[in-house]
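> The sequence shown begins at 1 in full-length UniProt numbering and counts up by one. Ideal Cβ positions, reconstructed from N, Cα and C, are used throughout, including at glycine.
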Amino acid sequence: MQNYCGLDVHKDSVFMCILNESGVLKERQFKSLSSALYELRDELLSYNVYQVAMESTSIYWIPV
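#1: In three-state terms, what does DSSP make of Y38?
#2: Who are the near neighbours of S13 in its chain, counting only those whose CB is closer than 8 Å to its CB and skipping five residues on each side?
#3: Leaving out five residues before and five after V24 in sequence, what residues of the same chain have Cβ atoms less than 8 Å from its Cβ?
#4: Exposed or buried, what is L40 when buried is set at 16 or more other beta-carbons lying within 10 Å of its beta-carbon?
#5: Cutting at 7 Å between CB atoms, please list the residues of its own chain near M54, excluding the five before and the five after it.
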């Protein structure tokens with residue numbers, strides 16, 4: 001079963017929601033710091049997420 005992720009990117013935080021065909025698996029908020037973005041990456045890999053949809057305001061998506 002494939003897992004997918006939605007990201008909502010803000011100036012100071014990134015909201016993550018991982019889901020599959022059965023529903024939501026995990027929701028979490030990360031800070032926009034580089035170390036937290038590496039943690040976000042690791043979280044996505046641990047759930048075997050390889051497809052991400054992202055919504056962002058302004059240019060805040062660039063570090064992600």
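The short version:
#1: In the sequence shown, the residue the question calls residue 38 occupies position 38. Helix.
#2: Here residue 13 is taken as the residue at index 13 of the sequence shown, counted from 1. Around S13: Q29, F30, K31 and S32.
#3: Indexing the sequence shown from 1 puts residue 24 at position 24. Only C17 and I18 meet the Cβ criterion.
#4: Translated into the one-based positions of the sequence shown, residue 40 becomes position 40. Burial call: buried.
#5: Along the sequence shown, read from residue 1 onward, the residue named residue 54 stands at position 54. Counting only Cβ-Cβ distances below 7 Å, and skipping sequence neighbours, we find L7, V9, W61 and V64.
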